[in-house]
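For the sequence shown, position 29 (counting from the first letter as 1) is numbered 28 according to the numbering used here, and the numbering increases by one without interruption. Where is the CB? At the ideal position from N, CA and C, for every residue including glycine.
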Amino acid sequence: MENLINNKIYWFLLLVTVIGEFLIPYILKHFYDGYSSTMQVMSVLGSPQSPVRLFYNLWLIWLGIFLIITAIIFFLSLRSDFPVLSVLIFLSVILFAIGAGLISGIFSVNESKDIASVASLIHGICASIGFMALLFFPLLNGIIAFKQK
0 MENLINNKIY WFLLLVTVIG EFLIPYILKH FYDGYSSTMQ VMSVLGSPQS PVRLFYNLWL
60 IWLGIFLIIT AIIFFLSLRS DFPVLSVLIF LSVILFAIGA GLISGIFSVN ESKDIASVAS
120 LIHGICASIG FMALLFFPLL NGIIAFKQK
């Protein structure tokens, strides 16, 4: 893992992934007539009715896989100095990666909330848990920064 931390390709992919999290939905919304980013959630881009469904869902799966790798790297780099905080940060990122990334990319929501399916329920629950878990990342990372002075 030490080689991966020092690998320029990894850091480039991380930068592209973080920028892509904002840029991909912005680009895809232009190819989906009737989609409104101010009135609908981004998950609608992956709905069965979406013309960009495949691309958006593949993006979410990529995001999940790459953030799982990043969570492992982050954990391994912090565990010797901050054993408890490194586990908590790992859990924060891994739950987001799995819930809002992998599972959300596999199970799509419907375009309308009036139609509830098992897939949309799984998507909604897992994405919610993932985003809630990620809320702790800035706090935990701030504690580490404070301890490092």
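{"Query": "Grouping DSSP H, G and I as helix and E and B as strand, with all else coil, what is L134?", "Result": "coil"}
{"Query": "Do you know how far the Cα of I18 is from the Cα of L12?", "Result": "10 Å"}
{"Query": "Is the separation between the beta-carbon of Y31 and that of L44 shorter than 8 Å?", "Result": "yes"}
{"Query": "Which of helix, strand or coil does DSSP assign to I169?", "Result": "For residue 169 there is no data in the structure shown, the boundaries of the chain being 0 and 148."}
{"Query": "Evaluate contact between the segment 120-131 and the segment 92-109, counting only Cβ atoms and requiring at least three cross-stretch pairs below 8 Å.", "Result": "yes"}
{"Query": "Taking T69 as part of the alpha helix (DSSP H), name the residues at either end of that continuous run.", "Result": "52-77"}
{"Query": "Would you verify that the beta carbon of L62 is, or is not, closer than 8 Å to some beta carbon of chain B?", "Result": "The structure shown has no chain B; it contains just one protein chain."}
{"Query": "Within 10 angstroms of its Cβ, does G63 collect 16 or more other Cβ (buried), or is it exposed?", "Result": "buried"}
{"Query": "So, do the segment 108-123 and the segment 70-78 have three or more beta carbon pairs nearer to each other than 8 Å?", "Result": "no"}
{"Query": "Closer than 8 Å by C-beta to S107: which residues in its own chain qualify, once you throw out the five before and the five after it? Chain order, please.", "Result": "S42, G45, S46, P47, R52, N56, A118, S119, H122"}
{"Query": "Have a look at W10, L14, F54, T69 and flag the residue whose alpha-carbon is nearest the alpha-carbon of P24.", "Result": "F54"}
{"Query": "Keeping to the same chain, check which residues put their C-beta closer than 7 Å to that of L59; ignore five residues upstream and five downstream.", "Result": "G45, G100, S103, G104"}
{"Query": "Exposed or buried, what is T37 when buried is set at 16 or more other beta-carbons lying within 10 Å of its beta-carbon?", "Result": "exposed"}
{"Query": "Using 8 Å for Cβ pairs, my map puts S85 next to A132. What's the rounded Cβ distance?", "Result": "Actually they are not in contact, since the Cβ atoms of S85 and A132 sit about 15 Å apart, beyond 8 Å."}
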